[in-house]
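A.B. asks: Take a look at the following structure, please.
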Amino acid sequence: MLNQPTIEKLQTMKLHGMAEAFREQIETADSSQLSFEERFGLLVDRQWTWKEGRALTRRLQLAKFKERGVMEDINYQHPRGLDRKLMRTLA
18 MLNQPTIEKL QTMKLHGMAE AFREQIETAD SSQLSFEERF GLLVDRQWTW
68 KEGRALTRRL QLAKFKERGV MEDINYQHPR GLDRKLMRTL A
């Protein structure tokens, strides 16, 4: 099977995450030991993760936040009643 045309077709169909995962599977010897279903599942998972990551990035850009919030920057000394343990659990 010709791998490069397959990768190009995946990219044409805008399945960039799947194309990237397929390219990695070709380069990795470990993936040849996996069954078809396992390899296909990994490709689908990568595409799903890629698509969700892009959507989150787009939503964050559209929100136009002035600053990016980070859990480490929370000031627990301020009298807001924030519970440090609860915040760690939620993170």
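All residue numbers for the sequence shown refer to the working numbering, where the first residue is 18 and numbers rise by one.
Virtual Cβ for every residue (Gly too), placed ideally from N, Cα, C.
Note that the structure is predicted; figures quoted are calculated from it, not measured.
What whole-angstrom Cβ distance do LEU60 and ALA38 have, given they're in contact under 8 Å?
C.D. replies: Indeed they touch by this definition, with Cβ atoms about 5 Å apart.
A.B. asks: Could you tell me whether the stretch 25 to 45 touches the stretch 59 to 75, using the rule of 3 or more Cβ pairs below 8 Å?
C.D. replies: They touch, by the three-pair rule.
A.B. asks: Return yes when the Cβ of ALA72 is within less than 8 Å of the Cβ of MET88, no when it is not.
C.D. replies: In this structure, ALA72 does not lie closer than 8 Å to MET88 by Cβ.
A.B. asks: Assign ARG85 to buried or exposed, taking buried as 16 or more other Cβ atoms, counted over all protein chains shown, within 10 Å of its Cβ.
C.D. replies: ARG85 is exposed by the Cβ-count criterion.
A.B. asks: Which residues in the same chain as PHE57 place their Cβ atom closer than 8 Å to its Cβ, once the five residues preceding and following it in sequence are excluded?
C.D. replies: Excluding positions up to five away in sequence, the list is empty.
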